[in-house]
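One structure below.
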Amino acid sequence: MRTTQFHLVTRKETPQDAEIISHQLMIRAGMIRKLGAGLYTWSPLGFRVLRKMEAIIREEMNASGALEMLMPAVQPKELWEETGRIEDFGGQLLAMTDRADRDYFFGPTHEEVITEFVRDEVSSYKQLPINFYQIQTKFRDEIRPRFGVMRSREFIMKDAYSFHLSEESLDETYRLMEATYTTILDRMGLNFRCVLADSGAIGGSGSQEFHVIADSGEDAIMYSDESDYAANIEKCAAVSLISQRAEPSEVISVVATPNQKTIEEVSHFLDIQAEQMVKTLLVKGIDGPVALVIRGDHQLSEVKAAHLPEVDSPLQFLDDKAVRELTGCDVGSVGVKDLNCPVIVDLTVANMSDFVCGANRDDHHLTGVNWQRDAEFQQQADIREARAGDPSPDGRGRLKQARGIEVGHIFKLGDKYSKAMNAVVLDETGRSQALQMGCYGMGVSRLVAAAIEQCHDENGIIWPAALAPFQVAILPMNYQKSVQVKETADELYKRLTKAGYEVILDDRKVRPGFMLSDFELLGIPHQVIIGDRSLDEGFVEYRHREKMEKQKIERAKIFEFLTQQTCL
RNA sequence: CGGGGUAUAGCGCAGCCUGGUAGCGCAACUGCUUUGGGAGCAGUGGGUCGGGAGUUCGAAUCUCUCUACCCCGACCA
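The numbering used here puts the first residue of the first sequence at 48, with every later residue one more than the last.
Here you go:
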């Protein structure tokens, strides 16, 4: 490809409303352009990268035995009524109506469609196990799309759905998909981690996420420094930090804490550590309010709390008025003693003694509070967020924290959808059995952004070999005027192209500095600089985008040299 | 969904307060010079000032309204 025949529109200035580096670089390199909130056009340059991602995914999915297919992006509403997931997805569903006033959703995912397909197509255990996948445009009406294609509303996703007679067979395919995802991300040259995950709105029993490690990642992931335990912070078990509850040593007493409401204020006012306090959080439950109690220095895990059967999901805090009705005081003075609602305490809190909490009376707290003697709880549960430094839940090592971009998620769905939609097969004995199901997603467009987050420097993108839109860039200096430069560049271009390389030759009439910095921005891995100065001595120059030092290569040997560098 | 902000040429912005029919930089186009690190000079094209309504002799500017986009928040206890 010659740049004058291609569509190359770069920008030297950072776009104003791009916050993260991948978004900035994708705009500057001209890979994407925004059409509307969370909607992006992929230019020919960006699309080349997207296709590279897809090709790797497709190859590995096919190699795993999965079968590619294509489902409609538009789905009838009735299908979603069968599984009752309309509420789960809520406002994320883009609803539309056709001329006959029939209701549709633009698919955010395809469990319903594939299950509908399978219930008609698969009737015998002999057809199992089977794994279908597609690479397709999805739409989720995010509350707040941001970061370019990282969190867009329309996006491209590879989604796979496997079907089984037994849980063992599901386990097998699930592990195969885990291995396949690992191969895919390895081939892309990305630094990633597979972590235990919460299964969210999709539902099901087990799930793992694949995260590309990057400081700009929207998720926090926890991992052990000694074992291979790793989990999304939403899922990471937070163990009790106190192994055994000590006997009470203090007398319970009421202290005045005028205008001291937050943990920080009260602990400072009383000159105690936040670890000696508990926070009593009042939330809406299935049968009226529920109190959730965590240690003063801990964070509530909203995901874990919402999973408790007694608690409404999604989690909703009581408003100030409801708090006063229940406790007779302001939210800043709520405590565990004589609370007129069920009390669920975190595992650490269950073992605390002589602690401080609100007195359920404005501007007062209690000190020296002890369980059993002064207050009761109905249940203990893991409801806090794990923290770096906590013991790893598998008992080996301590937890560390990193930021990750979720690019893949695999789930064991079990029979949740097959039961709801009556997808059954006959087993060996002729009995009807609900299908076991797995689902495996991978965000293709997000992967492009994630790769850039991980692979860039101050001058632009540094594409990993497998993802680059072009492998080799030929950068001739004064191509328009110098005959020897033009001939050398054209000849190399012809030879490389013929040999099957993806080459871009910059034949624009631009100044050298402009051209060189453009290709630093674009991140093409192998760059050959051809100019009169070195050509007069019989050389051309080579540089790799990552290292950037120029090497002189004999003009006659450059083709062989590139062949070795690129290992095509 | 709540709060705040913005909307003027492809991009980034000024002009608005104090109404008089639109400007700067970059980009684009033409010509000449230059040609190994974001060139110089001269010239050219491009905007119903987000949409609608109102006030006025006259509105980018004042008023109302709609829309779009951006940012913050939705974990005080």
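Yeah, the Cβ is synthetic: ideal placement off N, Cα and C, and Gly gets one too.
| Asked | Found |
| --- | --- |
| Distance, Val121 Cα to Leu494 Cα | 24 Å |
| Backbone secondary structure at Asp385 - three-state DSSP | coil |
| Ile268 to Met108 span [Cα, whole Å] | 26 Å |
| heavy atom of the ligand COA below 7 Å from Gly405 C-beta | The ligand COA is not part of the structure shown, which contains no ligands of any sort. |
| Top-ranked residue by Cα proximity to Asp579, from Thr162, Pro559, Gly375, Leu365 | Pro559 |
| Euclidean distance between Cα positions of Asp266 and Gly451 | 5 Å |
| Proximity of Ile551 and Ala520 at Cβ, strictly below 8 Å | yes |
| DSSP three-state assignment for Ser69, whether helix, strand or coil | helix |
| Buried/exposed call for Phe561, threshold 16 Cβ in 10 Å | exposed |
| Close-in-space but distant-in-sequence residues of the same chain around Ala422 (CB under 7 Å, 5 per side omitted) | Val383, Lys384, Val416 |
| C-beta contact flag for Asp429 and Lys351 at 8 Å | yes |
| Where Ile319 sits in the DSSP three-state scheme | coil |
| Backbone secondary structure at Pro438 - three-state DSSP | strand |
| Contact check, Gly455 vs Phe257, beta carbons under 8 Å | yes |
| Which of helix, strand or coil DSSP assigns to Ser479 | strand |
| Nonlocal neighbours in the same chain, by C-beta distance under 8 Å from Met116, ignoring five residues either side | Phe179, Tyr180, Gln181 |
| Minimum C-alpha distance to Ser492 - residue among Met73, Leu362, Met524 | Met73 |
| Segment contact flag, the segment 154-168 with the segment 189-203, C-beta cutoff 8 Å, min 3 pairs | no |
| Inter-residue Cα distance where the pair is Asp409 and Val370 | 12 Å |
| Inter-residue spacing [alpha-carbon to alpha-carbon] between Ala496 and Trp89 | 12 Å |
| DSSP-derived helix/strand/coil call for Leu140 | coil |
| Arg555 to Thr50 span [Cα, whole Å] | 7 Å |
| Pro572 versus Tyr589, Met324, Asp135, Tyr208, residue with shortest Cα-Cα distance | Tyr589 |
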